Structures are given as C-alpha cells and as structure tokens.
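Undergrad:
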Amino acid sequence: MKHAAETSRAVSVLQAFALASVVAGFPLVAALSQAIDVSSTPLSIGIRGLSALVCGLLFVISLTWAKGRARWWLLTTAALFWVLYLIRMTNDTLIESYILTAEPSSYWLWAIGGCVVPLIGLSRARYNAADAPKYFLWCFAFVFIAAALAVPNISTFVDTDYGGYEGGRAALNALNPISLGHLGVQLLLLCIWGAFLRPAGERKLYYIALFAVGGLIGLYLALVANSRGPLVSLVAAVLFAIAASKLRGKFGLIAIMLFAAVAFVPIVGFVDQLAGTQIYDRLLGQSQFDEVNTLARIDLYASAWAQFMRFPLTGYGMEDPVFGGYPHNLIIEAFMSTGLIGGFLLLSVMALAMYVCYHIFRNIPQFGWLALLVIQQVVSIQFSGTIGQATILWGLLGVLSSTSALGAFRAHQAGNGPQEGDAGSDRGRRDMGRAIGDATPA
Numbered sequence: 014m015k016h017a018a019e020t021s022r023a024v025s026v027l028q029a030f031a032l033a034s035v036v037a038g039f040p041l042v043a044a045l046s047q048a049i050d051v052s053s054t055p056l057s058i059g060i061r062g063l064s065a066l067v068c069g070l071l072f073v074i075s076l077t078w079a080k081g082r083a084r085w086w087l088l089t090t091a092a093l094f095w096v097l098y099l100i101r102m103t104n105d106t107l108i109e110s111y112i113l114t115a116e117p118s119s120y121w122l123w124a125i126g127g128c129v130v131p132l133i134g135l136s137r138a139r140y141n142a143a144d145a146p147k148y149f150l151w152c153f154a155f156v157f158i159a160a161a162l163a164v165p166n167i168s169t170f171v172d173t174d175y176g177g178y179e180g181g182r183a184a185l186n187a188l189n190p191i192s193l194g195h196l197g198v199q200l201l202l203l204c205i206w207g208a209f210l211r212p213a214g215e216r217k218l219y220y221i222a223l224f225a226v227g228g229l230i231g232l233y234l235a236l237v238a239n240s241r242g243p244l245v246s247l248v249a250a251v252l253f254a255i256a257a258s259k260l261r262g263k264f265g266l267i268a269i270m271l272f273a274a275v276a277f278v279p280i281v282g283f284v285d286q287l288a289g290t291q292i293y294d295r296l297l298g299q300s301q302f303d304e305v306n307t308l309a310r311i312d313l314y315a316s317a318w319a320q321f322m323r324f325p326l327t328g329y330g331m332e333d334p335v336f337g338g339y340p341h342n343l344i345i346e347a348f349m350s351t352g353l354i355g356g357f358l359l360l361s362v363m364a365l366a367m368y369v370c371y372h373i374f375r376n377i378p379q380f381g382w383l384a385l386l387v388i389q390q391v392v393s394i395q396f397s398g399t400i401g402q403a404t405i406l407w408g409l410l411g412v413l414s415s416t417s418a419l420g421a422f423r424a425h426q427a428g429n430g431p432q433e434g435d436a437g438s439d440r441g442r443r444d445m446g447r448a449i450g451d452a453t454p455a
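When the count follows my numbering, it moves up by one through the sequence shown with no breaks and lands on 455 for the last residue.
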C-alpha cells in the first residue's frame, strides 16, 4: 500500500509538472533567461523537451483511460483531425516540392513533440479532484513567476538589422507581444478564479493579497503587450465564466467588470504614459479597420480562404502560397490545409471543448480555472498562431478530457449525482474550499 501511495504521489507530481510546463514553461524560461542575461535557446529547448518527455511518460505509465461520452467524442474528433493534418504534413514536407517557410523537420518537431504527444499523454492521465489544489498551484506558480520576471525586463523598442524604433508594444527578447499578452491574461484569469470563482471555503488574507497583486501584474502585461487577441480572449473567458458559474462570487466579478468598462480609457491612458506604449491609438485604429496589422490580417484570411475554395475537398496545403506562412486563424488554416472534413472536425473540437467547459463550470467548479484557460485558447487561436505550434491549446485539451470532472459530469447527466471522490462530490468541494490554504506544490 505504501508503494502504491508513493507511486500515485509521484504520478500526480508528474501530471502537475506536465500541465504547468505546457501552460507556461516557455514563457517562464524566456523571462528567466532575460533576467539573468543568458541565451534563451538552450533553456527553451530543455523545457520543451522535458515537457514532451513527461507527457510521453504519462502515456506509458498512466492507468486505463476513463470512460465518458463527452471525453471520447472530444478525443476521437481531435485524433481524426490530427490524422488528416499529419497526412497533409507528410505530403507537403516529404512528397511534394513545396517551398515552405521553415525546414521540414521543424514542422514535425513542433507537431509531434509540442502538440500530439502532450495531447495524448495528458489525455491518458487522471486529473482527480483530490489533487485539484496541487494542479492549480503548480500552474499559478509557473505563470506568476514568469510574469513577475517579465515586468522589469519588457521593452517597447524593436531592434532591426538597420537600427531600431519604438514599436509601442511591450515584449521580451524571446517573447513577442502576443505571447506576452497571453501570459498576462493567463495570470489574470487564474487570479480571477482564485478570488471570485472558486468554491466557498477558507480564504486566507495573504492568498487574497497574492491574487490581487497577480491580477494587477497580469492586467499590466495584457495591456502593455498591446495585442488584440489576448484582450479579446480575456473578455470572452470572463463573460463565459459569468454565464456558466453558479457561484455567488460571480456578482463581485460583474461589479469589477463594470468598473473596468467605465474606467478603461483612463486606465489605458495611464499605462501608455507609464510604459511608453500606444494602446489607445492601436485599439482605435483596429476598431476602425485603419491599422496596418489589421488590414494585413484581413488579406491573409481572404487569401487562405481562396486557397481552400480552389481545393475544397482536400485543402490546398499547410501554407498560403501568396503570402507564405499561415493565416493566423486556426479555423481558416484547418480548411486551407485539410479541406472541408478537416475544417469541420476542428470546429467540432472547439465546440466540444466549450461544451465540456460549460458543464465543468456548472457542476465541478474545482476545475473552473482549467475551463478558463481552455476558453482563452479557443478564442485566441482566431487571432494568432498555427495548428502545428498551438502547444498550449492541444495540451489543455488533453487535460480537459482527462479530468475526473468528466466522471462527475457523467453522473450529473444520468441524474445520479456525483459519487464520493468525484470532482463534483461534497468531499471534493470541501477539499477545494481548503485548497488554497492547505495545498502546496509537492
């Protein structure tokens, strides 16, 4: 029995590290490398390799997959999509002589090591309610430390081969404005959940203070990054939480949202003066479709869609031949690369993920923070990223499908109520009520 308990604890730690490293491993090493003034390349390769290794290990050592209709629909749909996408990748990198923007091997490294392995490895694991506090604290620690290290090292100056210029958007050397913005949004969402949306229970003052400080840091990074995708995903995730949550804490969140809406322009003006950014001007230009990047994205969307319309059944290819690269919208990219079937499969994956997130919020709020991160990713992929490098999205989808929340969700659907030990049981709720005060990362 002792050996079984130790093994279970070890697996739980592996699962916690795998989840945290998928969510914020790269931003953490990017911020750390700049803080200590070393190259980020060795550290980033190390953390990504270690993350993939642990996810692969979880696939091998984890218990038999749990049953669950929503779980299997989500996994099966995602697997079918990846089969089509890997067929496309095989054709474009090994068979046809397409001119791609990167070396063929890099596409395979990102797709398999960064996306497929985390998806299947984390979906094989068991994220039980009893360890929900640990998983949250690991993710929170990774994201908080990365954001705290980033704040004193961000810069709005853009270096080029011909000199440099003030770009009006904060970034790190190894973390572009979009990624920095998403890091800030992740921290803000985790703090929102901790302060307003976690199940009722013991709320220690120093943790509330930590969530307040973390929320301010996250909001600051989300604003100074001056990127549309992170801000839109933040609003979407918060609105989703307000609509889905049954907890009374959401009314405090609504009050904060109303205040933020009223004070948004003064807050943005203050941040612009403090950080030397151009948030207000850029957002105004985007809202009037008068901003260079916005117009360029529209052209990218139109061109990628035109390639799909040329070959609607099979899709054209991984990259747009007109502009080169991907269209910065995963749904359009799915249609362009895998055709009608692949496009609808990815749409189904996104719809199923949102469906599961909604029921997790309604019935198993212990994992509400996970649902928030998933919603953020589902929305953000409409503004930036590519299928084969959306590592956070695919990893989180694996975790989403593997939580014991789906077992409780099944019980709710059957009308039997959650069983003892499930995420939705009374014991599970009491455990989470004491989570922040009692749990520490192992």
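We treat Cβ as the ideally placed atom computed from N, Cα and C, and that holds for glycine. Just so you know, these numbers come straight off a predicted model, no measurement behind them.
In the segment 117-191, which residue ranges form an unbroken alpha helix (DSSP H) of at least 4 residues, counting only runs that do not cross its ends?
TA: 117-121, 130-137 and 145-163, all fully within the segment 117-191.
Undergrad: Tell me the DSSP secondary structure of Thr399 in three-state form.
TA: Three-state DSSP puts Thr399 in coil, outside helix and strand.
Undergrad: Say yes only if the C-beta of Arg211 is nearer than 7 Å to one or more non-hydrogen atoms of the ligand FAD, and no if none qualify.
TA: Here there are no bound small molecules, and the ligand FAD is not part of this structure.
Undergrad: Under the DSSP definition of a beta bridge, which residues are partnered with Thr416?
TA: Thr416 pairs with Tyr140.
Undergrad: Which residues in the same chain have their Cβ closer than 7 Å to the Cβ of Phe72, if we skip the five residues on either side of it in sequence?
TA: Cβ neighbours of Phe72 beyond the five flanking positions: Ile133, Gly134 and Arg137.
Undergrad: Quick test of your reading: Leu266 and Ile255, contact by CB under 8 Å. State the CB separation rounded to the nearest angstrom.
TA: Right, their Cβ atoms sit about 6 Å apart.
Undergrad: Helix, strand or coil for Ile100 per DSSP?
TA: Here Ile100 sits in helix by DSSP.
Undergrad: On the three-state DSSP scale, how would you describe Ser53?
TA: If DSSP states are grouped into helix, strand and coil, Ser53 belongs with the helices.
Undergrad: Using a threshold of 8 Å, state whether the C-beta atoms of Ser397 and Gly242 are closer than that.
TA: Contact flag set, yes.
Undergrad: Verify whether the separation of the beta carbon atoms of Gln390 and Leu365 is less than 8 Å.
TA: It is not a contact, given that the beta carbons lie outside the stated cut-off.
Undergrad: For Tyr329, which residues in the same chain have their Cβ closer than 8 Å to its Cβ, ignoring the five residues on either side in sequence?
TA: Excluding positions up to five away in sequence, the list reads Gln320, Phe321, Arg323, Met349 and Ser350.
Undergrad: Let's see if you can read the secondary structure: which residues bound the alpha helix (DSSP H) around Lys263?
TA: Residues Gly262 to Val275.
Undergrad: Measure the alpha-carbon distance for Trp318 versus Ile345 and round it to whole angstroms.
TA: Whole-angstrom Cα-Cα distance: 7 Å.
Undergrad: Pairing CB atoms from the segment 179-198 with CB atoms from the segment 37-49, are three or more of them under 8 Å?
TA: Short answer: they touch.
Undergrad: Determine, using beta-carbon pairs with one atom in the segment 119-132 and one in the segment 90-105, whether at least three such pairs fall under 8 Å.
TA: Verdict: yes, contact present.
Undergrad: At the level of alpha carbons, what is the spacing between Ser258 and Pro340?
TA: Approximately 34 Å, taken between the alpha carbons.
Undergrad: Tell me whether Asn239 sits in a helix, a strand or coil according to DSSP, three-state version.
TA: Three-state DSSP puts Asn239 in coil, outside helix and strand.
Undergrad: Tell whether a beta-carbon distance below 8 Å holds between Pro131 and Ala65.
TA: It is a contact, given that the beta carbons lie within the stated cut-off.
Undergrad: With 16 as the cutoff for other CB atoms within 10 Å, does Glu1 come out buried or exposed?
TA: There is no way to answer for residue 1, as the model of the chain reaches only from 14 to 455.
Undergrad: Identify which residue in Cys68, Asn104 and Val129 has its Cα closest to the Cα of Leu88.
TA: With distances taken between Cα atoms, Leu88 lies closest to Val129.
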